[in-house]
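Chemist:
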Amino acid sequence: MNIDDLTDDQIRLLEAQNKLIGKFRPLDIHPDRVNIDSMDDDQIRTLEAQARRYEPGPSGIHPDRVTLESMSYDQLRTLEAQRNRYEPGPSGIHPDRVTIDSMDDDQIKTIEAQVFARKQTDIPFNQYLDSLVDSPVIENEQQFLDAVMRSMQSNSVMERFINKLTEKIGQKVFDFKSIDKNDKAKVEAAKSEIEQLVGLYQKFLYTLKANGWNFQTIGLGVEGMKLDDSVSMGLWRIQKNYDIEFKLPIPADLGEDYGKAFEREAKMVPGLTMMYDDLRGREVNWHQVMNYHPGELTPSQRYKQRREERMRKFEQARQTEMQTSLEKSMAVQGMVR
Amino acid sequence: MMSPNLKETFKELDVNDKKNVISRELILIGEFVKKMKEHYDLDADFDIKNYDVNTETNEDDYLLFIYEDIFEIEKQLISVLSRME
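These protein sequence lines map, in sequence, to chains W and L. Numbered as in the numbering used here, the first sequence ends at 340 without a single skipped number. Numbered as in the numbering used here, the second sequence ends at 517 without a single skipped number.
1. Could you tell me which chain W residues have their CB closer than 8 Å to the CB of L:Glu-444, listed as they occur along the chain?
2. DSSP state of W:Ala-264, grouped into three classes?
3. Please report the straight-line C-alpha distance between W:Ala-120 and W:Lys-184, rounded to a whole angstrom.
4. Taking only beta-carbon positions, decide if W:Glu-345 is within less than 8 Å of chain L.
5. Given this structure, state the Cα-to-Cα distance separating W:Gln-174 from W:Ser-233, to the nearest angstrom.
6. Report buried or exposed for W:Gln-242, applying the criterion of at least 16 other Cβ atoms within 10 angstroms of its Cβ.
7. Let me make sure I understand the geometry here. Which of W:Val-136, W:Glu-312 and W:Ser-328 has the alpha-carbon closest to that of W:Tyr-204?
8. Leaving out five residues on either side along the sequence, give the residues of the same chain with a beta carbon under 7 Å from the beta carbon of W:Glu-196.
9. Counting pairs of beta carbons, one from the region 455–466 of chain L and one from the region 489–505 of chain L, are three or more of them closer than 8 Å?
10. Is there at least one Cβ from chain C nearer than 8 Å to W:Arg-305's Cβ?
11. Give me the Cα-Cα distance between W:Glu-198 and L:Leu-438, rounded to the nearest whole angstrom.
12. Listed from N- to C-terminal order along the chain, which residues in the region 321–332 of chain W have their beta-carbon within a distance smaller than 9 Å of any beta-carbon of chain L?
13. Tell me which same chain residues have a C-beta within less than 7 Å of the C-beta of W:Ile-2, skipping the five on either side of it?
14. Measure the alpha-carbon distance for L:Lys-507 versus L:Ile-454 and round it to whole angstroms.
15. Kindly indicate if chain W contains any beta-carbon less than 8 Å away from that of L:Phe-449.
16. Please go through the region 149–203 of chain W and give each complete beta strand (DSSP E) segment of 3 or more residues, from N-terminal end onward.
17. For W:Ile-126, which option in W:Met-161, W:Glu-144, W:Ile-111 and W:Met-333 has the closest C-alpha, if you only look at C-alpha atoms?
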C-alpha cells in the first residue's frame, strides 16, 4: 500500500491512529490507570490506610486481629464468662456445678440428710484414728487399712486425722525442751513417743500412696499434710541438745559425705522433707527415702563406726611405732654400756 | 621420723580426730616436761590445755589454741635446759 493511493479520509484515519499510538507508547501506562502522582492527599491517605490493614504491625500482630487491649469492658466480660464455662475456677469448682445457692429448700434438706448420714458412718473411723493418735501402735493392720481407705473417700476423716497427729507431734516436740537432760528415763520415753507418732504419720502417708492416692489433689494435697518446719527444726535441736538420735525416716544410699553432714547437722530431719518430694512423684535419686528398720545402721551410725575404726588403726600404728622406737633406744643404750 | 604406715593412718582420720590427736600429743609432751622439771627440782606448775572437739572452733581459733600450748612447752623446756647447763 502506498500513501499516494490513499483517499483523504483514509489518510485522516491513519493520522488519528498514529496520534493515538504515540500518546500511549512513551509512558507505556494506560491513561486510565490511577497514578500516585495524579492522586490528591486524601486519596493517598486512604490508600495508605488500606495497605496497613493487610500488613502485620511492628508487634507482628495484624491490626485487624482482636486483642485484649482492643476489647471493651463488656467484650472482656463475655470472653471471661465463656472461658469460665469450660474451666474450673480458682476454688476448683466447675462453674456449671450445682451450688448451694442454686438449690431450693427441699434440695438443701436432702443434701444435709446425706451429709449427716455420711458423717455418721465416718464416726467409727474417726474414733479409731483418734485412738491411734492417743496410742500410736497399730495392732490390727486391716483396721488401719480400712481407716486409710475411708479417709480417701472422706476428706474430713483425712483432714481430722492429719491435723490431730501433726498437732500432737508438734506439741510433743515443744514439750521435749522442758525435760531435764539428766532424766534419761523421761528423755527416752519422750523420744520413743515422738518416733512412734512420726512412724504412724509416715505409715499413713505411704499407705495412701500405695493405694493410689493422688497427692496433687486440690484440697488436702501433700502440702496440707506437711509437718510444720518448726517441728523439723525442733527435732533437729532436740537431737543436738540432748545428744540423742531419733529413729525416723532417713534418706538412703547417701554415702560417706552424707554421713558427715548427718553427723554435723543431724540431717535426719530433711529425710522428712524429702519424703514429700517422693510422694509428689518428683524424681529423687539419693534423696530416696526409706523406712528405718530396727537394727539397721543409720548413715550417722555407719559414719561413727568408720571413724572409730580409723582411730583404732591409728592408735595401733602409733603404739607399734612407739614400741619400736623404745626398743631401738634400749638397744643403743645396751650397746653403749 | 614417722613411719609411712603411721602417716597413712593419721591421714585417714576425721579432721576433728586429727585435732584431738595433736592436742593429746602436746598434753603428753607437757607431762614429760613436768617430769623433767621435777627431776631438776624446778617449779612444774604449768598446764597444757585439752582441746575439746565439741567446742566449735574455726581454723584460726584452733591454731591459736595449739600455738599457746606449743609456746608454753617451749618455755618450760628452755627452763629445763638452762638448769641442765
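C-beta: ideal position from N, C-alpha, C; glycine also.
Modeler: Put simply:
1. Position 12 of the second sequence, counting from 1, holds the residue named residue 444 of chain L. Taking a Cβ-Cβ cut-off of 8 Å, the neighbours of L:Glu-444 in chain W comprise Arg-313, Lys-316 and Phe-317, given in sequence order.
2. Position 261 of the first sequence, counted from the start, is the residue given in the question as residue 264 of chain W. Confidence at W:Ala-264 is low in this model, with a pLDDT of 41, below 50, so the placement of that residue should be treated as unreliable; the coordinate-derived value is given next. Look at W:Ala-264 here: in three-state DSSP terms it is helix.
3. Sequence index remark: in the first sequence, residue 120 of chain W carries index 117 (1-based). Sequence index remark: in the first sequence, residue 184 of chain W carries index 181 (1-based). So the alpha carbons of these two residues sit roughly 50 Å apart.
4. No answer is possible for residue 345 of chain W: the residues shown for chain W start at 4 and end at 340.
5. Against the first sequence, residue 174 of chain W aligns to sequence position 171. Against the first sequence, residue 233 of chain W aligns to sequence position 230. Cα to Cα, W:Gln-174 sits roughly 11 Å from W:Ser-233.
6. The residue given as residue 242 of chain W occupies position 239 in the first sequence. Around the beta carbon of W:Gln-242, 16 or more other beta carbons lie within 10 angstroms, which makes this residue buried.
7. Along the first sequence, read from residue 1 onward, the residue named residue 204 of chain W stands at position 201. Checked all of W:Val-136, W:Glu-312 and W:Ser-328; the closest Cα to W:Tyr-204 is W:Val-136.
8. Looking up residue 196 of chain W in the first sequence gives position 193. Correct list, in chain order: Lys-175.
9. Contact between the region 455–466 of chain L and the region 489–505 of chain L is present, because at least three Cβ pairs lie under 8 Å.
10. Of the chains in the structure shown, none is chain C; the protein chains are W and L.
11. Looking up residue 198 of chain W in the first sequence gives position 195. Looking up residue 438 of chain L in the second sequence gives position 6. When rounded, the distance between both Cα atoms is 43 Å.
12. Listed by position, the residues of the region 321–332 of chain W near chain L (Cβ gap below 9 Å) are Arg-321, Thr-323, Glu-324 and Thr-327.
13. Nothing can be reported for residue 2 of chain W, as the shown portion of chain W is limited to 4 through 340.
14. Start at 1 with the first residue of the second sequence, and residue 507 of chain L comes out as number 75. Start at 1 with the first residue of the second sequence, and residue 454 of chain L comes out as number 22. A direct Cα-Cα distance of roughly 19 Å separates L:Lys-507 from L:Ile-454.
15. Here residue 449 of chain L corresponds to residue number 17 of the second sequence, with the count starting at 1. According to the sequence shown, residue 449 of chain L is Asp rather than Phe. Chain W contact via Cβ: present.
16. None, since the region 149–203 of chain W contains no complete beta strand (DSSP E) of that length.
17. Residue 126 of chain W sits at position 123 when you count from the first residue of the first sequence. Among W:Met-161, W:Glu-144, W:Ile-111 and W:Met-333, the Cα nearest to that of W:Ile-126 belongs to W:Met-161.
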